[in-house]
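Participant: I am attaching a structure below and will ask some questions about it afterwards.
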Amino acid sequence: MYRIGQLAKEAQVSIRTLRYYDELGLLKPSIVTESGYRYYSAEDTVTLYIILALKQLGFSLLQIREMLTEHPKEERWKTSLHYQLQAVKEEKQRLQQLEDALQVALNAIEIKEKLQAEDLRLFLEAAQAGTQQRQQFRARHFTPTEQAILANLPELHTDDPKTQTWTRLLREVREHMHEPPDSPASQRLAEEIVAYADELFQGNEELTGKYWELIRPQPGQPARLYGLDAETMTYIDAIVDWYIAQTEHNENATNTERNETENC
């Protein structure tokens, strides 16, 4: 048995708090002597910790009293654990959303070298609308095999290597958009983008083109994917088209030269 002072010290609450809980009918001592000394049993101690746990989760003392009244003693701790587990899950979800928002902000800065509130707001709204709508969009336009490939595309709320590569490429695209498509910097970027797309889309050129056209914004419309506004996509199209044309030209020239050598 615990005297009121001992229980207060162990639970790190005041004696006044324990007396208040007694007045409310939340936690009554098992024994009150004729001289007024209060003694609490081990079971009372468990009840106190349940009260403190539920109070920490935001429940009022009146709500806690109702819970303790409604549930038999053997169920009280189980009920408390249930509420605590639910609270942890909700906090975990909140922290995950916060982590996603912070990661988006970092990636937005990486892409544009500055954080624009409007861009971030639009992206977060899209992310919250998010997974279900994205899955519905992909289900309407892509086969199950194609959807499996698209599931591996980079997401700006993550920090995996694919996303890091994509944010770097977008930043460099923005840095060189003023240059002509055939400039050395533009062609270096085009080579990287082609290789990156080939890896992401597993060499499926048809799917690459199909996806690219579906995410292209209409004239005057905002980007459907962060960083891929109409101007940016036009520049990427131009440098990639030039790169592919030059690659094919060089391959044809090499084949012609090889054939001429073999015929000599």
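One gets the working numbering by counting positions in the sequence shown from 1 and adding 8 to each.
Positions of the beta carbon are idealized from the N, C-alpha and C atoms, including for glycine.
Treat the numbers as computed from the prediction; the structure is a model and nothing was measured.
Measuring CA to CA, which of Lys86, Lys17, Met241, Asn258 is closest to His184?
Facilitator: The residue you call residue 184 lines up with position 176 of the sequence shown. Out of Lys86, Lys17, Met241, Asn258, Met241 has the C-alpha closest to the C-alpha of His184.
Participant: Around the Cβ of Tyr45, are there at least 16 other Cβ atoms within 10 angstroms (buried) or fewer (exposed)?
Facilitator: As a first step, residue 45 must be located in the sequence shown, where it is residue number 37. Result: exposed.
Participant: Compare the C-alpha of Met9 against each of Tyr28, Arg102, Val54, Leu34 and name the closest.
Facilitator: Position 1 of the sequence shown holds residue 9. Comparing Cα positions, the closest option is Val54.
Participant: Could you tell me the boundaries of the alpha helix (DSSP H) in which Tyr57 lies?
Facilitator: By 1-based counting over the sequence shown, the position of residue 57 is 49. Note, Tyr57: alpha helix (DSSP H), 50 to 64.
Participant: Starting from Glu78, trace the alpha helix (DSSP H) both ways and give me its first and last residue.
Facilitator: Numbered from 1 along the sequence shown, position 70 holds the residue referred to as residue 78. Run containing Glu78: 69 to 78, per the alpha helix (DSSP H) assignment.
Participant: Any idea if Ala16 is buried or exposed, counting beta-carbon neighbours within 10 angstroms, 16 or more meaning buried?
Facilitator: Working through the sequence shown from its first residue, we reach residue 16 at position 8. Counting every other CB atom within 10 Å of its CB across the protein chains shown gives Ala16 a total of 16 or more, marking it as buried.
Participant: At the level of alpha carbons, what is the spacing between Val40 and Tyr47?
Facilitator: The residue labelled residue 40 in the question sits at position 32 within the sequence shown. The residue labelled residue 47 in the question sits at position 39 within the sequence shown. About 6 angstroms.
Participant: From the DSSP output, read off the bridge partner residues of Arg11.
Facilitator: Within the sequence shown, numbered from 1, the residue matching residue 11 stands at position 3. Answer is Tyr47.
Participant: In angstroms with no decimal places, state the Cα-to-Cα distance between Pro37 and Glu78.
Facilitator: Locating residue 37 in the sequence shown gives position 29, counting from the first residue. Locating residue 78 in the sequence shown gives position 70, counting from the first residue. Rounded to the nearest angstrom, the two C-alpha atoms are 19 angstroms apart.
Participant: Can you tell me the Cβ-Cβ gap for Asn115 and Thr151, rounded? I've got them flagged as a contact below 8 angstroms.
Facilitator: Position 107 of the sequence shown, counted from the start, is the residue given in the question as residue 115. Position 143 of the sequence shown, counted from the start, is the residue given in the question as residue 151. Actually they do not touch by this definition, with Cβ atoms about 29 angstroms apart.
Participant: Exposed or buried, what is Val248 when buried is set at 16 or more other beta-carbons lying within 10 Å of its beta-carbon?
Facilitator: Within the sequence shown, residue 248 is the residue found at index 240, counting from 1. Buried, since its Cβ has 16 or more Cβ neighbours within 10 Å.
Participant: Is it right to say Val96 is buried, meaning 16 or more other beta carbons lie within 10 angstroms of its own, or is it exposed?
Facilitator: Here residue 96 corresponds to residue number 88 of the sequence shown, with the count starting at 1. Val96 should be labelled exposed.
Participant: Let me check understanding here. Comparing Cα to Cα, which of Pro189, His90, Leu32, Gln101 lies closest to Arg73?
Facilitator: Taking the first residue of the sequence shown as position 1, residue 73 is located at position 65. Per the Cα distances, Leu32.
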